[in-house]
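Student:
Number of protein chains: 2
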Amino acid sequence: MIPQSEPPTEPMSKTRLRLWLKLLKTSGRIEAELRRRLRDEYATTLPRFDVMAALSRFPNGLKMSELSDLLRVSNGNVTGIVDRLTNNGHALRVAVPGDRRAQLARLTPAGQVAFTKLAQAHEAWLDELLQGLDADDAAILHTLLGKTERETNAQ
Amino acid sequence: MIPQSEPPTEPMSKTRLRLWLKLLKTSGRIEAELRRRLRDEYATTLPRFDVMAALSRFPNGLKMSELSDLLRVSNGNVTGIVDRLTNNGHALRVAVPGDRRAQLARLTPAGQVAFTKLAQAHEAWLDELLQGLDADDAAILHTLLGKTERETNAQ
DNA sequence: GTATAAAGTTTTAGATATAAAATATATTGA
DNA sequence: TCAATATATTTTATATCTAAAACTTTATAC
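Which chain is which? The protein sequence lines are A and B, in order. Position in the first sequence (from 1) plus 913 gives the number in this note's numbering. Position in the second sequence (from 1) plus 913 gives the number in this note's numbering.
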């Protein structure tokens, strides 16, 4: 066996740090582009789009706390976003029969129409922004991202 | 050739949309955990860490606009973060000889010491949070993430 | 049955984020 | 030189975001 003087390999922690920076840069770049297009083309924001997407999946409405849990944002935050959607005419608050503490947030008909357009644009934008990845790439990437779970106790 | 009735395949745009949601969820989960640890263990924030990291790479200081470009955040934003770092004793502003419009932000000695500790903790946290990925996984992931570039005109 | 605890939401305080206006300084061109 | 323009930063207005306090309503314990 011939002794080889190998090039010193990078410690694994440095490799993971570089990977994280790449991951952060990638998601940040795409997210910034989505925010820009939502603002410029539809005069809305990503948090509002996220809330509308959640409400769209539950036509009967969601309690503020349910929205907060689903989107993993704070309770107080949801209040402000739903406020703005309400001022917009895209959402409204409905009383919960039998519990005067709670309220349901729901999309208005105008909100549903608006969200349908937003969702189509959103999907088309991502199809464009992720052109560089084919079906195989996407499958591998999805799997590898899944391998990072279970290291944080948050689900 | 035998005709096969294949299962209907998902349109590529849906695949890319699901991938994006996974990417967003992954980076959000890790970022939230980093923010939590920076706050709980070091009483600081991710934006301040990012600014300190940039200043640490340039011991002679960076102009506010250079910081803004490097970190890709708005000019007004950098002002506030450097303000807080300055109040903290971790940064200071230095006049630029020959241009009274500009100022350099620099780490103080205390800021350099603090950042060294933060950076070590940060690298160790990521090593932990990305345990699920070995060196091969990381290399593949890094490459696939790279394939998403060049679709947005932002560098 | 009332005191206490729990649940649901909003409000508050502080930090971050952008875009756009305002301020101050430099540079340029006639 | 001096007006016009460009550069560098801060300020302002608005929107997010969290944690924690405040408030209302409901449920529970005794």
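Where a beta carbon is used, it is the ideal one built from N, C-alpha and C, also for glycine. Quick caveat, the model's predicted, so the values are computed rather than measured.
#1: Provide the residue span of the alpha helix (DSSP H) that contains Asp1050 of chain A, from first to last.
#2: Check Ala1034 of chain B in the structure and name its three-state DSSP category.
#3: Looking at the unbroken beta strand (DSSP E) that takes in Val991 of chain A, where does it start and where does it end?
#4: Would you mind working out which of B:Gly1059, B:Arg1063, B:Leu937 and B:Leu959 sits nearest Asp1050 of chain A, comparing C-alpha positions?
#5: Which of the three DSSP states is assigned to Leu1039 of chain A in this structure?
#6: What does the alpha-carbon distance come out to for the pair Ala956 of chain B and Pro1022 of chain A?
#7: Any beta-carbon of chain A closer than 8 Å to the one on Glu919 of chain B?
#8: Tell me the rounded alpha-carbon separation between Arg942 of chain B and Trp933 of chain B.
#9: Got a sec: is the Cβ-Cβ distance from Arg929 of chain A to anything in chain B below 8 Å?
#10: Taking the straight line between their C-alpha atoms, what separation do you get for His1055 of chain A and Glu923 of chain B?
#11: Taking 8 Å as the cut-off, does the stretch 936–951 of chain A touch the stretch 974–985 of chain A (at least 3 CB pairs, one atom from each stretch)?
#12: Have a look at B:Leu1046, B:Leu1057 and B:Thr1061 and flag the residue whose alpha-carbon is nearest the alpha-carbon of Arg1063 of chain A.
#13: Could you check what DSSP says for Arg1013 of chain A in three-state terms: helix, strand or coil?
#14: Among all the DSSP beta bridges, which residues are the ones paired with Val1007 of chain A?
#15: With a CB to CB cut of under 8 Å and the five nearest residues on each side skipped, what residues in its chain are close to Leu1031 of chain B?
#16: Quick one: grab the DSSP three-state call for Gln1068 of chain A.
#17: Using a threshold of 8 Å, state whether the C-beta atoms of Arg1019 of chain B and Val1009 of chain B are closer than that.
#18: Between Val1003 of chain A and the rest of its own chain, which residues show a CB-CB distance below 7 Å, the 5 nearest in sequence each way excluded?
#19: What are the boundary residues of the alpha helix (DSSP H) that includes Phe962 of chain A?
#20: Is any beta-carbon of chain A found at less than 8 Å from that of Met977 of chain B?
#21: Give the range of the alpha helix (DSSP H) segment to which Arg949 of chain A is assigned.
#22: Taking 8 Å as the cut-off, decide whether the C-beta atoms of Leu930 of chain B and Glu1041 of chain A are in contact.
#23: Per DSSP, Leu980 of chain B is paired with what?
#24: Under the rule that 16 or more other beta-carbon atoms within 10 Å means buried, what is Thr928 of chain A, buried or exposed?
#25: Out of A:Leu1017, A:Leu959, A:Thr939 and A:Asn990, which has the shortest C-alpha to C-alpha gap to Phe971 of chain A?
#26: Could you name the residues of the stretch 1022–1047 of chain B whose beta carbon sits closer than 9 Å to any beta carbon of chain A, in the order they occur along the chain?
#27: For a cutoff of 8 Å on Cβ pairs, would you count Ser926 of chain B as touching chain A?
#28: Quick test of your reading: Ser940 of chain A and Leu959 of chain B, contact by CB under 8 Å. State the CB separation rounded to the nearest angstrom.
#29: Trp1038 of chain A: which of B:Gln917, B:Met925, B:Pro921 and B:Ser918 sits nearest, CA to CA?
Tutor: Put simply:
#1: By 1-based counting over the first sequence, the position of residue 1050 of chain A is 137. Ala1048 to Gly1059 is the span of the alpha helix (DSSP H), which, as asked, contains Asp1050 of chain A.
#2: Numbered from its first residue, the second sequence carries residue 1034 of chain B at position 121. Residue state, collapsed to three classes: helix.
#3: Position 78 of the first sequence, counted from the start, is the residue given in the question as residue 991 of chain A. Here Val991 of chain A belongs to no beta strand (DSSP E); instead the alpha helix (DSSP H) covers Asn988 to Asn1001.
#4: Translated into the one-based positions of the first sequence, residue 1050 of chain A becomes position 137. Residue B:Gly1059 is the option with its Cα nearest to Asp1050 of chain A.
#5: Counted from its first residue, the first sequence places residue 1039 of chain A at position 126. Leu1039 of chain A falls in the helix class under three-state DSSP.
#6: Here residue 956 of chain B is taken as the residue at index 43 of the second sequence, counted from 1. Here residue 1022 of chain A is taken as the residue at index 109 of the first sequence, counted from 1. Rounded to the nearest angstrom, the two C-alpha atoms are 45 Å apart.
#7: In the second sequence, residue 919 of chain B corresponds to position 6, counting from 1. Chain A contact via Cβ: absent.
#8: Counting from 1 along the second sequence, the entry for residue 942 of chain B is found at position 29. Counting from 1 along the second sequence, the entry for residue 933 of chain B is found at position 20. Arg942 of chain B and Trp933 of chain B: Cα-Cα distance of roughly 14 Å.
#9: For the purposes of this step, residue 929 of chain A is identified with residue 16 of the first sequence, where counting begins at 1. Yes - at least one Cβ of chain B is within 8 Å of the one on Arg929 of chain A.
#10: Indexing the first sequence from 1 puts residue 1055 of chain A at position 142. Indexing the second sequence from 1 puts residue 923 of chain B at position 10. Each residue's Cα considered, the two are about 15 Å apart.
#11: no
#12: Taking the first sequence and counting its residues from 1, the one referred to as residue 1063 of chain A is at position 150. That would be B:Leu1046, whose Cα lies nearest to the Cα of Arg1063 of chain A.
#13: For the purposes of this step, residue 1013 of chain A is taken as residue 100 along the first sequence, with counting starting at 1. If DSSP states are grouped into helix, strand and coil, Arg1013 of chain A belongs with the strands.
#14: Counting from 1 along the first sequence, the entry for residue 1007 of chain A is found at position 94. In DSSP, Val1007 of chain A forms a bridge with A:Leu1017.
#15: Position 118 of the second sequence, counting from 1, holds the residue named residue 1031 of chain B. Cβ within range, chain order: Leu951, Tyr955, Thr957, Phe962 and Met965.
#16: Position 155 of the first sequence holds residue 1068 of chain A. Because Gln1068 of chain A carries a pLDDT of 38, less than 50, the predicted location of this residue cannot be relied on, and no value is offered for it.
#17: In the second sequence, residue 1019 of chain B corresponds to position 106, counting from 1. In the second sequence, residue 1009 of chain B corresponds to position 96, counting from 1. Result no, Cβ atoms of Arg1019 of chain B and Val1009 of chain B do not sit closer than 8 Å.
#18: The count along the first sequence starts at 1 and reaches residue 1003 of chain A at position 90. The sequence as given places His at residue 1003 of chain A; Val does not occur at that position. Only Met965, Leu1020, Thr1021, Ala1023, Gly1024 and Ala1027 meet the Cβ criterion.
#19: On the first sequence, residue 962 of chain A is found 49 positions in, with the first residue counted as 1. Start and end: Leu959 to Arg970.
#20: Here residue 977 of chain B corresponds to residue number 64 of the second sequence, with the count starting at 1. Not closer than 8 Å to any Cβ of chain A, the Cβ of Met977 of chain B fails to qualify, so no.
#21: Taking the first residue of the first sequence as 1, we reach residue 949 of chain A at position 36. Note, Arg949 of chain A: alpha helix (DSSP H), Met925 to Tyr955.
#22: In the second sequence, residue 930 of chain B corresponds to position 17, counting from 1. In the first sequence, residue 1041 of chain A corresponds to position 128, counting from 1. No.
#23: Start at 1 with the first residue of the second sequence, and residue 980 of chain B comes out as number 67. Partner(s): none; Leu980 of chain B has no beta bridge.
#24: Along the first sequence, read from residue 1 onward, the residue named residue 928 of chain A stands at position 15. Per the 10 Å Cβ criterion, buried.
#25: As a working note, residue 971 of chain A is residue 58 in the first sequence. Considering only alpha carbons, the answer is A:Leu1017.
#26: His1035, Glu1036, Ala1037, Leu1039, Asp1040, Glu1041, Leu1042, Leu1043, Gln1044, Gly1045, Leu1046 and Asp1047
#27: For the purposes of this step, residue 926 of chain B is taken as residue 13 along the second sequence, with counting starting at 1. Closer than 8 Å to some Cβ of chain A, the Cβ of Ser926 of chain B qualifies, so yes.
#28: Residue 940 of chain A sits at position 27 when you count from the first residue of the first sequence. Residue 959 of chain B sits at position 46 when you count from the first residue of the second sequence. That pair is no contact at about 14 Å.
#29: In the first sequence, residue 1038 of chain A corresponds to position 125, counting from 1. Ranking B:Gln917, B:Met925, B:Pro921 and B:Ser918 by Cα distance to Trp1038 of chain A puts B:Met925 first.
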